[in-house]
Amino acid sequence: MKLNEKLFPLAKAYELAFGVRPNPSTCQRHRLHGINGVKLETAKYGGRRMTSVEAVQRFITSVTAAADGPVCPPRTNRQREAAISKAERDCERDGL
């Protein structure tokens, strides 16, 4: 977490980020266990766990990226042309 970000109690940061205040146990679960290997960034301040709106947004973005999986790079022209040639040969072989 970046120290220049304004800190809020966990549920309040979610509320400011998305307009919905989650159950406190949801915030604690995101902090302690995370989702898809991604944990919410927090800081302890005055005996309370705090986070920032930016940290909540980074958490949601990272969870979404982890759930979507890796992005496949686009095929090169050579790969595309090779796939087309193979498909044409397969069609000819099968009499289509």
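FYI, the UniProt record's numbering numbers position 45 of the sequence shown as 45, with every residue one higher than the one before it.
Every residue, glycine too, gets a C-beta built ideally from N, C-alpha and C.
Computed from a predicted structure; not experimentally measured.
The bridge partners DSSP lists for residue 49 are 44. Of all alpha-carbon atoms in 89, 60, 28, 20, the one lying nearest the alpha-carbon of residue 43 is that of 28. CA-to-CA, the gap between residue 93 and residue 67 works out to about 40 Å. Counting of Cβ neighbours within 10 angstroms places residue 3 among the exposed residues, the total staying below 16. Considering only 38, 9, 16, the residue with the shortest C-alpha distance to residue 24 is 9.
A check of alpha carbon separations from residue 15 across 82, 57, 85 identifies 57 as the nearest. Around the beta carbon of residue 18, a 10 Å sphere encloses fewer than 16 other beta carbons of the protein chains shown; the residue is thus reported as exposed.
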